[in-house]
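Asker:
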Amino acid sequence: MMFWRSVVGKLWFTILLLVSVVLIILTILLLQYFERFHTDQAESELMNHANLIVSLLEEEGTDETALAMSRTISETYSTEALIIFNDDEFWYSSENGDHDLPIYIFYEDELLSRVIEEGETVVTESDYTFPVRGEQVSQEMMIVGLPVEFAAGEEGALFLYQPLDVVEEASNQTKNIIYLSAGIAIILTTVFAFFLTTRITAPLRRMRKASLEVAKGNFDTKVPILTNDEIGLLAIAFNRMARALNTNLNALNQEKEQLSRILSSMADGVITLDRDGSVMVTNPPANEFIGAWLYEQGYEVEESGQLPEELQVLFEKVVTEEREQMGEVDVQGRSWVLLMTPLYDQEHVRGAVAVLRDMTEERLHDKLRKDFIANVSHELRTPISMLQGYSEAIIDDIAGSEEEKKELAQIIYDESLRMGRLVNELLDLARMEAGHIQLNTEPLDLEDFSERMIRKFQGVAKDHAVTLNGDINKIEKQVHADSDRVEQILTNLIDNAIRHTPENGTVTLRAEPFHNGVKLEVEDTGAGIPEEDLPFVFERFYKADKARTRGRSGTGLGLAIVKNIVDAHNGKVSAHSILGEGTTFSVFLPYGSPEK
0 MMFWRSVVGK LWFTILLLVS VVLIILTILL LQYFERFHTD QAESELMNHA
50 NLIVSLLEEE GTDETALAMS RTISETYSTE ALIIFNDDEF WYSSENGDHD
100 LPIYIFYEDE LLSRVIEEGE TVVTESDYTF PVRGEQVSQE MMIVGLPVEF
150 AAGEEGALFL YQPLDVVEEA SNQTKNIIYL SAGIAIILTT VFAFFLTTRI
200 TAPLRRMRKA SLEVAKGNFD TKVPILTNDE IGLLAIAFNR MARALNTNLN
250 ALNQEKEQLS RILSSMADGV ITLDRDGSVM VTNPPANEFI GAWLYEQGYE
300 VEESGQLPEE LQVLFEKVVT EEREQMGEVD VQGRSWVLLM TPLYDQEHVR
350 GAVAVLRDMT EERLHDKLRK DFIANVSHEL RTPISMLQGY SEAIIDDIAG
400 SEEEKKELAQ IIYDESLRMG RLVNELLDLA RMEAGHIQLN TEPLDLEDFS
450 ERMIRKFQGV AKDHAVTLNG DINKIEKQVH ADSDRVEQIL TNLIDNAIRH
500 TPENGTVTLR AEPFHNGVKL EVEDTGAGIP EEDLPFVFER FYKADKARTR
550 GRSGTGLGLA IVKNIVDAHN GKVSAHSILG EGTTFSVFLP YGSPEK
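Residue numbers (numbering that gives the first Met the number 0): 0 to 595.
1) Hey, could you find the ends of the alpha helix (DSSP H) LYS221 is sitting in?
2) Assuming ILE453 and PRO512 form a contact by the criterion Cβ under 8 Å, report the distance between their Cβ atoms to the nearest whole angstrom.
3) As a quick exercise: from GLU450, ARG274, GLU309 and ASN491, pick the residue whose alpha carbon is nearest that of ILE289.
4) With burial defined as no fewer than 16 other Cβ atoms inside 10 Å of the residue's Cβ, what is the status of PRO202: buried or exposed?
5) Which residue marks the beginning of the beta strand (DSSP E) containing LEU589, and which one marks its end?
6) Would a C-beta distance cut-off of 8 Å place VAL465 and GLY527 closer than the cut-off?
7) Can you give me the Cβ contacts of SER93 inside the same chain, cut-off strictly under 7 Å, excluding the 5 residues immediately before and after it?
8) Answer with buried or exposed for ILE52, where buried requires no fewer than 16 other C-beta atoms within 10 angstroms of its C-beta.
9) Whose C-beta lies closer than 7 Å to the C-beta of THR220 among residues of the same chain, with five residues either side of it excluded?
10) Measure the C-alpha to C-alpha separation of SER112 and VAL190 and round it to an integer number of angstroms.
11) In three-state DSSP terms, what is MET358?
12) Between the Cα of VAL459 and the Cα atoms of LYS518, LEU407 and GLU502, which residue gives the shortest distance?
13) Rounded C-beta distance between PRO589 and THR359? I'm assuming under 8 Å.
14) Taking only three categories from DSSP, how would you classify GLU441?
15) From this set, ASN247, ILE224 and THR246, which residue's C-alpha is nearest ALA236's C-alpha?
16) Contact defined as beta carbons within less than 8 Å: I believe SER19 pairs with ILE185. What is the distance between those atoms, to the nearest angstrom?
17) Is it right to say ASP523 is buried, meaning 16 or more other beta carbons lie within 10 angstroms of its own, or is it exposed?
18) Considering just the uninterrupted stretch of the alpha helix (DSSP H) at ALA214, what are its terminal residues?
19) Beta-carbon separation of PHE129 and PRO162 under 8 Å?
20) Can you give me the C-alpha to C-alpha distance between ILE230 and MET206, rounded to a whole angstrom?
21) For THR582, count neighbouring C-beta atoms within 10 Å of its own C-beta (all shown protein chains included) and say buried if the count is 16 or more, exposed if not.
22) Helix, strand or coil for VAL536 per DSSP?
23) With 16 as the cutoff for other CB atoms within 10 Å, does ILE270 come out buried or exposed?
24) What's the gap between the Cα of SER552 and the Cα of GLN409?
25) Excluding sequence positions up to five away, which residues of its chain have a Cβ less than 7 Å from the Cβ of GLY591?
26) Please state if the CB of LEU159 and the CB of HIS48 are separated by a distance shorter than 8 Å.
27) Should SER259 go down as buried or exposed, given a rule of 16 or more other Cβ atoms within 10 Å for buried?
28) In its own chain, which residues sit with a C-beta less than 7 Å from the C-beta of LEU407, not counting the 5 before and 5 after it?
29) Grab me the residues of TYR106's own chain with a C-beta within less than 8 Å of its C-beta, minus the 5 sequence neighbours each way, in chain order.
30) Provide the residue(s) that pair with MET141 in DSSP beta bridges, ordered along the chain.
31) According to the neighbour-count rule (16 or more other Cβ atoms, all chains shown, within 10 Å of its Cβ), is ASP481 buried or exposed?
32) Output the boundary residues of the beta strand (DSSP E) element that contains ASP267.
33) On the DSSP bridge list, what partners appear for LEU467?
34) Who are ILE82's beta bridge partners in DSSP?
35) Report all residues from its chain with a CB closer than 8 Å to the CB of VAL330; omit the five preceding and five following residues, and keep chain order.
36) To the nearest angstrom, how far is it from the Cα of THR548 to the Cα of MET385?
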């Protein structure tokens, strides 16, 4: 079936069909011609022989010599002769009489009788039935009848006849020759057509193979040029096309790589949408924005086809109004400004490109500038006021007993320690932010380290009626880090999670390999952090709810210190929270040693 669909099969069948039709028509015409030719030839020969015998009889009469010569002539040319004398005498040239027609046939046949009665010349082909050795035989005969005027003035007739089997035998031989010639011609045509089509299609098959290689990206494939005809020109054009495709694709790949690098290096998020609003291209800031929105909505991260409702609304406006649109959206406490522009396909809008700029930092800096002095004043004012008040109480002898004086002195001592911790943490944080943090890195097995931290805080968790769990995966590779600083990170995170989780709540520490490092997560089932406060959790003096940390020695500097320690290890820390469900802090530490 595949052969008949190929070019070779089609060309071969077309040539063979054309030659076959021509040969069939020619064979039919030749058969008709030679059949008529043999018949005419036999009639002509019979007529010539009959004229010869008639001339002999008219000159010599009916003596024995003339009849013997007539018999010789008829036998020489495989014919039979009948001579009728004066309507009552007759003579057959055949001696055995097997092919002699009965005399009555010549008298009873309407056409043959005219020769005897009217002296006409007759040529006929008819089927006659006559007895031979007691059996009726039917045979087709060709008969030539001529009138004869004998030398003695007598009149008669000569009938010269022969069976048409002789003519048919000659015709059959001619037919066999024609059929054999036609068969040989068809066979030669088949071989020639197959050879010709193969020679024509062989370069086409090579070009098909080369085109498949080009489709796979192998543009170095070349078609050999063997001829200077149209196929050779096609091969030249194919090779030029492959070179042009290679050049154009290399240029496109370079442009694509350049565009990809530009998008990856951009600080703003970029999202390209098609006509249906499906995401086509994104860069890392845009992925971060979509991931935060998915987390906030409760979707899986893999469902990246989802877009925030604000972007969908802007996209519909861009497609409908065909002009630039702006908007703003808050995701996980971060403020994003959106600028969406339509993309055109000649005259129609084929999609849109959205640029997202994170304005949280700018707003955060403004807030920090305003709140820093107020926060420091607030944190120092309370212990100073307490120091001043209890000191005056001691000076004024308000505390009458020694136990009361010791209690007041203990409060003064605790508040001084609190002020000292605050000052030390401020100084430590200032050194970290100034880049003067000192790390004593060493290979650290975070699997054992995490289990040790869980055991360390089991007592604290029990005191707060909180369940502390560990989800520690197998970590085969060690991390180069400062163990004291990593302990400080986990201490701050676990302590915060326990303090901010209600009774019968759960705190979970997870550790697992992640890309080229280790990912640590501290998850609690507390009240969560309000969305508007999420961007500020790693800033100094952050307290989402000032009342809930009162009396628990919180300074608001722990998470800021955590962020600086993680940054010093070339890691990354992030926070995700859903109000009323809990908070998750994630810390990523790479395997490699941090730069000092």
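Note that beta-carbon positions come from the ideal geometry of N, C-alpha and C, so glycine has one too.
Given the structure is predicted, the values throughout are model-derived calculations rather than measurements.
Answerer: Working from what's here:
1) Per DSSP, LYS221 belongs to no alpha helix (DSSP H) and is neither H nor E.
2) That belief does not hold up - the Cβ atoms of ILE453 and PRO512 are roughly 19 Å apart, past 8 Å.
3) GLU309
4) buried
5) Position check: residue 589 holds Pro in this sequence, whereas Leu was assumed. Element bounds for PRO589: 581-589.
6) no
7) GLU79 and ASP99
8) buried
9) ALA209, GLU212, VAL213 and ALA241
10) 60 Å
11) coil
12) GLU502
13) About 25 Å separates the two Cβ atoms, so there is no contact after all.
14) strand
15) ILE224
16) 6 Å
17) buried
18) 164-214
19) no
20) 10 Å
21) buried
22) coil
23) buried
24) For SER552, the predicted structure reports a pLDDT of 48, less than 50, and the residue's modelled location is therefore unreliable. A value from the coordinates is still provided. Each residue's alpha carbon lies about 15 Å from the other.
25) HIS479
26) yes
27) exposed
28) TYR389, ALA392, ILE393 and ALA398
29) SER112 and ILE115
30) GLU124 and GLN161
31) buried
32) Neither: ASP267 is in no beta strand (DSSP E) and is coded neither H nor E.
33) VAL506
34) TRP90 and LEU157
35) PHE288, ALA291, TRP292, GLU295 and PRO307
36) Caution applies to THR548, whose pLDDT of 43 falls short of 50 and renders its modelled position unreliable; the value that the coordinates give is listed next. Those two C-alpha atoms are separated by around 18 Å.
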